[in-house]
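Visitor: My structure is below; once you've seen it, I'll send some questions.
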Amino acid sequence: MKLSQYIPNSPYVADSLKDYPEELSLLLPISKSKKCKAGELIYVQGQASRRELYVVEQGKVKISILSEDGSERLLNILENNTIFGYGVAFDEYPYYTTATAMEETTLRVIDAKDFLDLAEKHPKLFFIMFLAYSRVARMLVLLIEDFSFLDAEKRVAHMICKLAHEVGQKTPKGVIIRKKVTQEHVASLTGLSRVSVSLALNHFEDLDIIKKKRHVMLILDIQKLEALVGGVESPENLPHVCW
């Protein structure tokens with residue numbers, strides 16, 4: 121299996137600040153709370169940017185890019201304690217992505233100048249920002265790799281593998297993904313049509329590799345799924361990442 125499957129690269133990002141509770145506590149006093157309804161736009165691609173960044177306090181936010189014909193390409197799904205919006209908070213260029221609340225969500229909104237002033241006193245905040253940029257860069261490079269070298273079925277298999285390794289739970293029956301990953305999500309994440317995703321998932325089910333349930337996916341044989349992408353990894357190496 122490619123090295124990319126051993127490192128955090130799935131589109132789901134949560135608890136990115138879990139290892140920095142002290143820094144998170146520093147951000148709260150300089151932030152203000154913002155409530156968002158499901159479907160509410162936080163910022164829109166092409167709009168003039170605001171000099172602020174965000175932390176998901178509770179809820180779920182998707183980051184996507186939109187084409188002129190209205191089609192959407194999903195990049196990230198962000199959950200609790202995840203920072204976003206930093207890409208344009210400091211350069212004042214227009215937003216190059218769209219952020220949308222996927223459910224009722226509470227954000228902490230941080231003024232960019234206040235963040236910089238605080239980071240000068242607590243340099244580890246710059247390190248946290250560097251880690252966030254690094255993950256985004258890695259994810260985008262791997263997306264390009266998938267588009268360049270994998271066919272439709274392998275793209276779907278690779279996406280499921282990445283989700284399994286990062287947000288899956290190992291059970292006696294296999295690896296279960298409880299993230300309400302719909303066919304529409306997988307299609308948008310892989311740049312495929314829903315029909316192509318449906319055909320791939322049905323094929324995997326026919327091969328007894330996965331079992332689909334409502335908003336839940338059980339991977340019965342992770343090794344077979346990985347073999348479809350082009351490699352084999354021991355299931356003992358599967359991390360337990362649960363929220």
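Numbering (my numbering), first residue to last: 121 to 363. We put the CB at the ideal spot given by N, CA and C, even for glycine.
(1) Answer with buried or exposed for F267, where buried requires no fewer than 16 other C-beta atoms within 10 angstroms of its C-beta.
(2) If you drop the 5 nearest sequence neighbours on each side, which residues of the same chain put their C-beta closer than 6 Å to that of V175?
(3) Would you call the segment 197 to 212 and the segment 232 to 251 in contact, with 3 or more CB pairs under 8 Å?
(4) The beta strand (DSSP E) spanning L227 covers which residue range?
(5) Tell me the rounded alpha-carbon separation between S308 and E286.
(6) Looking at C-alpha atoms only, which residue of T220, Y213 and L270 is the closest neighbour of S184?
(7) Over what stretch of residues does the alpha helix (DSSP H) that includes E346 continue unbroken?
(8) Helix, strand or coil, according to DSSP, for T302 in the structure here?
(9) Mind pulling the alpha helix (DSSP H) runs of 4 or more residues that sit fully within the segment 280 to 337?
(10) Counting along the chain, where does the alpha helix (DSSP H) carrying L146 start and finish?
(11) Of the residues G179, D237 and L321, which one's Cα is nearest the Cα of T226?
(12) Are the CB atoms of I339 and A272 within a distance shorter than 9 Å?
(13) From this set, I280, R171 and Q165, which residue's C-alpha is nearest A209's C-alpha?
(14) May I ask you to report which of helix, strand or coil DSSP gives K241?
(15) Taking the alpha carbon of D341 as the point to measure from, which residue in P292, I264, Q165 and E224 has its own alpha carbon closest?
(16) Considering V181, what are the terminal residues of the beta strand (DSSP E) in which it resides?
(17) Does the beta-carbon distance from E224 to C156 come in below 9 Å?
Guide: Looking at the atomic coordinates:
(1) exposed
(2) Cβ contact annotation for V175 (same chain, cutoff 6 Å, sequence separation greater than five): I203 and R228, in chain order.
(3) yes
(4) T225 to D231
(5) Taking the straight line from one Cα to the other gives about 19 Å.
(6) For S184, the nearest C-alpha among the options comes from T220.
(7) I342 to V349
(8) coil
(9) 303 to 310 and 314 to 326
(10) P141 to L147
(11) G179
(12) No, the pair does not count as a contact, with Cβ atoms beyond the cut-off.
(13) When the alpha-carbon of A209 is set against those of I280, R171 and Q165, the nearest one is in R171.
(14) helix
(15) P292
(16) V181 to L186
(17) In this structure, C156 lies closer than 9 Å to E224 by Cβ.
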